[in-house]
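Student: Please read through the structure below; I'll follow up with questions.
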Amino acid sequence: MPGVTLKDVSAADFIKAYAAHLKRAGKLELPRWVDIVKTGVHKELPPSNPDWYFVRAAAIARRVYLRPGIGLGGFKKIFGGAKRRGTRPSHFQTASGSIVRHILKQLERVKVVEKDPKGKGRKLTAKGQRDLDRIAGQIVHPATPAAAPTPVVAPAATSDAAPAATTPATTAAPTAAPTKAKSKPKAAAPKSS
Numbered sequence: 300m301p302g303v304t305l306k307d308v309s310a311a312d313f314i315k316a317y318a319a320h321l322k323r324a325g326k327l328e329l330p331r332w333v334d335i336v337k338t339g340v341h342k343e344l345p346p347s348n349p350d351w352y353f354v355r356a357a358a359i360a361r362r363v364y365l366r367p368g369i370g371l372g373g374f375k376k377i378f379g380g381a382k383r384r385g386t387r388p389s390h391f392q393t394a395s396g397s398i399v400r401h402i403l404k405q406l407e408r409v410k411v412v413e414k415d416p417k418g419k420g421r422k423l424t425a426k427g428q429r430d431l432d433r434i435a436g437q438i439v440h441p442a443t444p445a446a447a448p449t450p451v452v453a454p455a456a457t458s459d460a461a462p463a464a465t466t467p468a469t470t471a472a473p474t475a476a477p478t479k480a481k482s483k484p485k486a487a488a489p490k491s492s
């Protein structure tokens, strides 16, 4: 999978795959409030996806890859949204900084991101970039299961011998599904008065 980077795959596919990887690895420590917290004051309910924390962590790691040096305020703007105020016009509201901060600390703990030495936000570590590119490579070139070897059949030497066995692919003939004949609707009997 040489040459495949995160930029070669769609955002949705990558975030889904990397979130599954983070959940499978079990290295992120979930906060105890993960099932009751809203992601910002502009939201009415907590997320309905039970794995939302891993999805948000994958989205944050992807954004750090694409924009090194992004900080907490940038993520609050990215994940913010419109606060509905009833009959009054809606206004933009930033997302919860606590959630973003906690995820960044967890990604630092597992050595995916680190604080930028220039003092501007976060950047990916070499290990983090390798992991993200590896996941992207798995999306572009999915691992295919090894195909079962096809049995080789020797031809029969004499004509009175039993017929030679064939591979299942050659014996299976496609069958057409029976079609159902449409019946005409029955006419209602005229009422006599």
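The sequence shown begins at 300 in this note's numbering and counts up one residue at a time. By construction, the Cβ of each residue, glycine as well, lies at the ideal position given by its N, Cα and C atoms. The structure displayed is predicted, hence computed values, not measured ones.
Once the 5 residues before and after Pro330 are set aside, which same chain residues still bring their CB inside 7 Å of it?
Tutor: These residues qualify, in order along the chain: His401.
Student: Tell me whether Leu403 is buried or exposed, calling it buried when 16 or more other Cβ atoms sit within 10 Å of its Cβ.
Tutor: Leu403 comes out buried.
Student: Just to confirm before moving on: does the CB-CB distance between Tyr364 and Leu423 stay below 8 Å?
Tutor: Closer than 8 Å, so yes.
Student: Alpha helix (DSSP H) containing Ala318: first to last residue?
Tutor: Residues Ala310 to Ala324.
Student: Please report the straight-line C-alpha distance between Arg433 and Val303, rounded to a whole angstrom.
Tutor: The alpha-carbon atoms of Arg433 and Val303 are separated by roughly 8 Å.
Student: So for Phe391, helix, strand or coil by DSSP?
Tutor: In this structure, Phe391 counts as strand in the three-state DSSP scheme.
Student: Would you list the one or two residues that DSSP bridges to Ile369?
Tutor: Paired residues: Arg421.
Student: Nearest-angstrom Cα distance between Ala316 and Lys426?
Tutor: Ala316 and Lys426: Cα-Cα distance of roughly 18 Å.
Student: Below 7 Å CB to CB, which residues in the same chain sit around Leu305 once its five sequence neighbours on both sides are set aside?
Tutor: The residues are Phe313, Arg361, Tyr364, Leu431, Asp432 and Ala435.
Student: Whose CA, out of Ser309, Val340 and Pro367, lies closest to the CA of Pro416?
Tutor: Out of Ser309, Val340 and Pro367, Pro367 has the C-alpha closest to the C-alpha of Pro416.
Student: What does the alpha-carbon distance come out to for the pair Ala319 and Lys382?
Tutor: So the two alpha carbons sit approximately 30 Å from each other.
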